[in-house]
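Colleague: These protein sequence lines map, in sequence, to chains A and B.
Here the working numbering is used: the first residue of the first sequence is 1, the next is one more, and so on.
Here the working numbering is used: the first residue of the second sequence is 1001, the next is one more, and so on.
Glycine residues also receive a C-beta, built at the ideal position from the N, C-alpha and C atoms.
There are 2 protein chains.
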Amino acid sequence: MWPVGCTTGDPVGLHRVLEPLGVLPQAAERLDTDPVLRDDEVRVRVERLSLDAASFRQLEGKHCGDGDAVRREVLETVGRRGKMHNPVTGSGGMLVGTVEEVGESSPLGLAVGDRIATLVSLTLTPLVIEDGLAGWDGRSEQVPADGYAILFGRSIAARLPEDLSAPLALAVMDVCGAPALVERHVRRYADPVVVVIGGAGKSGSLCLAAARRAGAGRTIAVVPHRAEADLLGGTGPGHGLTDHVLVCDARDPVALRDGVAAAGGPADLTIVCVDVPGCEGGAILATAEGGTVIFFSMATSFSAAALGAEGLAADVTMIIGNGYVPGHADLALEIVRTDPAVRALFDRRQLDG
Amino acid sequence: MWPVGCTTGDPVGLHRVLEPLGVLPQAAERLDTDPVLRDDEVRVRVERLSLDAASFRQLEGKHCGDGDAVRREVLETVGRRGKMHNPVTGSGGMLVGTVEEVGESSPLGLAVGDRIATLVSLTLTPLVIEDGLAGWDGRSEQVPADGYAILFGRSIAARLPEDLSAPLALAVMDVCGAPALVERHVRRYADPVVVVIGGAGKSGSLCLAAARRAGAGRTIAVVPHRAEADLLGGTGPGHGLTDHVLVCDARDPVALRDGVAAAGGPADLTIVCVDVPGCEGGAILATAEGGTVIFFSMATSFSAAALGAEGLAADVTMIIGNGYVPGHADLALEIVRTDPAVRALFDRRQLDG
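#1: Is it buried or exposed for B/Gly1282, if we count other Cβ within 10 angstroms and need 16 for buried?
#2: May I have a chain-ordered list of the alpha helix (DSSP H) segments no shorter than 4 residues that lie completely inside the stretch 43 to 69 of chain A?
#3: Excluding the 5 residues preceding and the 5 following B/Gly1259 in the sequence, name in chain order all residues of the same chain whose CB lies nearer than 6 Å to its CB.
#4: Is the CB-CB distance between B/Glu1130 and B/Asp1146 below 7 Å?
#5: Per DSSP, what are the beta-bridge partners of B/His1244 in this structure?
#6: Enumerate in chain order the residues of its own chain whose CB-to-CB distance from A/Val17 is below 7 Å, with the five nearest sequence positions on each side excluded.
#7: Tell me, please, which residues DSSP counts as bridged to A/Val395.
#8: Using a Cβ-Cβ cut-off of 7 Å, state whether A/Phe152 counts as contacting chain B.
#9: The stretch 21 to 39 of chain A: which residues have C-beta closer than 9 Å to a C-beta of chain B, in chain order?
#10: Within its chain, find whatever has a CB closer than 8 Å to the CB of B/Ser1050; leave out the 5 residues flanking it on each side and keep chain order.
#11: For A/Leu124, which residues in chain B fall below 7 Å Cβ to Cβ?
#12: In chain order, which continuous runs of the alpha helix (DSSP H) of length 4 or greater are located wholly inside the stretch 155 to 179 of chain A?
#13: Determine the chain B residues that contact A/Tyr324 at a beta-carbon separation under 7 Å, and present them in chain order.
#14: In terms of alpha-carbon separation, which member of B/Glu1073, B/Arg1081 and B/Ala1054 lies closest to B/Asp1034?
#15: What's the C-alpha gap between A/Val276 and B/Leu1119?
#16: For chain A, check one thing: does any of its Cβ atoms lie closer than 7 Å to the Cβ of B/Phe1056?
#17: Could you name the residues of chain A that B/Pro1253 contacts, counting a contact when the two beta carbons are closer than 9 Å?
#18: Looking only at C-alpha atoms, which of B/Val1342, B/Arg1226, B/Val1036 and B/Pro1126 sits nearest to B/Pro1237?
#19: Chain B partners of A/Val120, CB-CB under 8 Å?
#20: Determine the extent of the alpha helix (DSSP H) in which A/Pro253 is found, giving its start and end residues.
#21: Given that a residue counts as buried once 16 or more other Cβ atoms are within 10 Å of its Cβ, and exposed if not, what is B/His1328?
#22: Apply the 10 Å Cβ neighbour rule to A/Thr235 and answer buried if 16 or more other Cβ atoms are within range, or exposed otherwise.
#23: Any idea if A/Val272 is buried or exposed, counting beta-carbon neighbours within 10 angstroms, 16 or more meaning buried?
#24: Helix, strand or coil for B/Val1336 per DSSP?
#25: Under a Cβ-count criterion, where at least 16 other Cβ atoms within 10 Å of its own Cβ denotes burial, should B/Cys1064 be classed as buried or exposed?
#26: Output yes or no for whether 7 Å exceeds the beta carbon distance between A/Arg257 and A/Leu285.
#27: Identify whether B/Glu1310 lies in helix, strand or coil by the three-state DSSP scheme.
#28: Output yes if chain A places a C-beta closer than 7 Å to the C-beta of B/Thr1008; else output no.
#29: List the DSSP bridge partners of B/Gln1142.
#30: Where do the N-terminal and C-terminal ends of the beta strand (DSSP E) with B/Glu1228 fall, by residue?
#31: Quick one: is B/Arg1212 buried, meaning 16 or more other Cβ sit within 10 Å of its Cβ, or exposed?
#32: Measuring only the C-alpha atoms, how far is B/Ser1091 from B/Leu1122?
#33: Between A/Phe302 and B/Thr1317, how many whole angstroms is the CB-CB distance? I'm expecting something under 8 Å.
#34: At which residue ranges does the stretch 1267 to 1334 of chain B contain complete alpha helix (DSSP H) runs of 4 or more residues, listed in the order of the chain?
#35: Does any C-beta atom of chain A lie closer than 7 Å to the C-beta of B/Ile1320?
#36: Mapping DSSP to helix, strand and coil, what is A/Gly13?
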């Protein structure tokens, strides 16, 4: 048997999987949280968890907003699984912390004392919480926490930038895969019409900015009600971010199709950034033949999308939003630094908690 | 109020949705199965249902193979929902029947007496079963049935070809979206390595043939055990269909990655055609940076795919397999007519039941 701590781990963390054996950490029921590192691992002292929005919403709903019960369930999940992996939504979140120890062959380029955010999901990150989450009221997806987490050889982590506050940087990096993927797909069309469902939100506002930078001919932000529209309107913080704001319930496919058409659609590219179920049909119907839909929402149903497009005889390409695109964190941070509307929307949401 | 039978329906069938109102038929809990047609509808006398494989497997497993219980549950589902929509898997299947009545403004080009297969899912097709499924033992996904179904203006149906038997044509059309989409994506790469997980199956064999026709540089079929490998091997019916056969459990991501690498991988394009859960990680790991994974399996988990790719820092494009691509039925039937290996595999599976 290899002495623990003296060997190199598997780059994707297979050596940390306790059950079922042979699956990847993300698919595992339970991970090994031993604080002793393999040569290529990094241990991080955790400062804050940022729960995935769909996960937090599920917990909040299940417990009718009882923060103590939400906290107990998060502690129970992390204790049982060795990771914050919501079994209902299948999603996790990310964390911020400080590098505590670096294995001698870690390829991540981190040093002890670096303040970082993880850009891989909490669903595959070994995690131990040591403070009982005493500083968290269970009422927000931002979770102050003390404990530690383990990064593998192939994990992705980014140093927190010095010119942005930690909560802001964390909020940006949490959704940084979206604008990078949008940029790539916008470039496949000439002057495309880009529809962003949830355009006033964090990932949505970054996607709108990325779409314009990448050459979108027209952008349409879809928001669920007037208050969100005001964020993007004449005197709102996000004024100027999009060519058009459409107030529409994205779960109503016909209303969405008709609203987008009236606003200059159909879309060549539709981006789904809202964490509510049932948006698949509307996104497909609002998109032109030959167009593309990118689903970033963890509330997306694979079968609803696949069968929905087939049932509508819609020749659209449907993409599962991959949270990793090379350079994604740098691009998103760059947008927040240089686009005043995006920055203002993020600042506004930070204030709201 | 408009007199029923004298008006044109909504092309995607919204007028048939009973609850919840406003959603598309696929998302509906219950559809209106009134046999009286709108002007643009078609009524089909049903002869046979072909249940989605994932749906049938779930029913079989739930009832421990008790065919009577499976039949009762299918009857109960169709009676309650007005469509064969498995609430657990979210999937349906397709049907074969004969056109019974055609609304005067139907755009489908069908005539009374045409023998057709529906190419839209049963999850959105109003359906009434009138014979209690008396001719079905509940032990096969092929369900002899008498009753009727309704097609909308934008439904897709194909006349059964005269040179192929009905069961064979149905089996081909059931999976005809897959080869058409594969053909399109293979063309985006130069001499790509194409891996088909489930390569000896119906959609898998069509995908292998489509990949080669579209210019794949190398094809690798992944099968779960020796018996499937023999179907594609030296003396098997599918001999010659693929460049390499790899026996591997696709739910074991590391084994799949290593096996594909040894067989000439990694893949530029990986196609998932097996209806078992847990293949997301392996498909991602077996695919090269910049490559594409297409998921056709209804057992695919959206969050497992999205978070899995992020967790592996894998820059792969992940596509939700859309069952509709223009010309899909013609392409698949053409492959079966002209590729002796594909034809032999289909004939073999028909014999197996």
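Modeller: This is what the structure gives:
#1: The count along the second sequence starts at 1 and reaches residue 1282 of chain B at position 282. Classification for B/Gly1282: buried.
#2: 53 to 62
#3: Along the second sequence, read from residue 1 onward, the residue named residue 1259 of chain B stands at position 259. Taken in chain order, the residues that qualify are Leu1246 and Cys1248.
#4: What you label residue 1130 of chain B is simply residue 130 of the second sequence in a count that begins at 1. What you label residue 1146 of chain B is simply residue 146 of the second sequence in a count that begins at 1. Yes.
#5: Start at 1 with the first residue of the second sequence, and residue 1244 of chain B comes out as number 244. Answer is B/Ile1220.
#6: For the purposes of this step, residue 17 of chain A is taken as the residue at position 17 of the first sequence. Same-chain partners within the cutoff: Val23, Pro25, Ala28 and Leu31.
#7: Because chain A spans 1 through 353 in this model, residue 395 of chain A falls outside it and cannot be assessed.
#8: Taking the first residue of the first sequence as position 1, residue 152 of chain A is located at position 152. Not one chain B Cβ lies under 7 Å of A/Phe152.
#9: Gly22, Val23, Leu24, Pro25, Gln26 and Ala27
#10: Residue numbering aside, residue 1050 of chain B sits at position 50 when the second sequence is read from its first letter. Only Gly1093, Met1094, Leu1095, Val1096, Glu1141, Gln1142, Val1143, Leu1170, Ala1171 and Asp1174 meet the Cβ criterion.
#11: For the purposes of this step, residue 124 of chain A is identified with residue 124 of the first sequence, where counting begins at 1. In chain order: Gly1311.
#12: 166 to 174
#13: Taking the first sequence and counting its residues from 1, one reaches residue 324 of chain A at position 324. Within chain B, the residues near A/Tyr324 are Ala1309, Glu1310, Ala1313, Ala1314 and Asp1315.
#14: Indexing the second sequence from 1 puts residue 1034 of chain B at position 34. Of the candidates B/Glu1073, B/Arg1081 and B/Ala1054, the one whose C-alpha sits nearest the C-alpha of B/Asp1034 is B/Arg1081.
#15: To locate residue 276 of chain A, count along the first sequence from 1; it is residue 276. To locate residue 1119 of chain B, count along the second sequence from 1; it is residue 119. Distance between the alpha carbons of A/Val276 and B/Leu1119 is about 29 Å.
#16: Translated into positions along the second sequence, residue 1056 of chain B becomes position 56. Not an interface residue.
#17: Translated into positions along the second sequence, residue 1253 of chain B becomes position 253. Simply Val12, Leu14, Gly22, Val23, Leu24 and Ala27.
#18: Indexing the second sequence from 1 puts residue 1237 of chain B at position 237. Selected option, being the one with the closest Cα: B/Val1342.
#19: As a first step, residue 120 of chain A is located in the first sequence; it is residue number 120 there, counting from the start. Under the 8 Å cutoff, chain B gives Glu1310, Gly1311 and Ala1313.
#20: Start at 1 with the first residue of the first sequence, and residue 253 of chain A comes out as number 253. Start and end: Pro253 to Ala262.
#21: As a working mapping, residue 1328 of chain B is identified with position 328 in the second sequence. Burial call: buried.
#22: Numbered from its first residue, the first sequence carries residue 235 of chain A at position 235. When all chains shown are included, A/Thr235 counts as exposed.
#23: Taking the first residue of the first sequence as position 1, residue 272 of chain A is located at position 272. Buried, by the Cβ-count rule.
#24: Along the second sequence, read from residue 1 onward, the residue named residue 1336 of chain B stands at position 336. Three-state result, B/Val1336: helix.
#25: Indexing the second sequence from 1 puts residue 1064 of chain B at position 64. Exposed is the call here.
#26: The sequence position of residue 257 of chain A within the first sequence is 257, counting from 1. The sequence position of residue 285 of chain A within the first sequence is 285, counting from 1. Cβ distance < 7 Å, so A/Arg257 and A/Leu285 count as in contact.
#27: Position 310 of the second sequence holds residue 1310 of chain B. It is helical.
#28: Translated into the one-based positions of the second sequence, residue 1008 of chain B becomes position 8. Chain A contact via Cβ: absent.
#29: Here residue 1142 of chain B corresponds to residue number 142 of the second sequence, with the count starting at 1. B/Gln1142 is bridged to B/Ser1050.
#30: Position 228 of the second sequence, counting from 1, holds the residue named residue 1228 of chain B. Segment Arg1226 to Leu1232 is the alpha helix (DSSP H) holding B/Glu1228; no beta strand (DSSP E) there.
#31: Along the second sequence, one-based indexing puts residue 1212 of chain B at 212. Classification for B/Arg1212: buried.
#32: For the purposes of this step, residue 1091 of chain B is identified with residue 91 of the second sequence, where counting begins at 1. For the purposes of this step, residue 1122 of chain B is identified with residue 122 of the second sequence, where counting begins at 1. Between B/Ser1091 and B/Leu1122, the C-alpha separation is close to 8 Å.
#33: As a first step, residue 302 of chain A is located in the first sequence; it is residue number 302 there, counting from the start. As a first step, residue 1317 of chain B is located in the second sequence; it is residue number 317 there, counting from the start. Rounded, the Cβ-Cβ distance is 16 Å, inconsistent with contact.
#34: 1280 to 1285 and 1302 to 1311
#35: Translated into positions along the second sequence, residue 1320 of chain B becomes position 320. By this cut-off, B/Ile1320 is an interface position.
#36: Sequence index remark: in the first sequence, residue 13 of chain A carries index 13 (1-based). In the structure shown, A/Gly13 sits in coil (DSSP, three-state: anything other than H, G, I, E or B).
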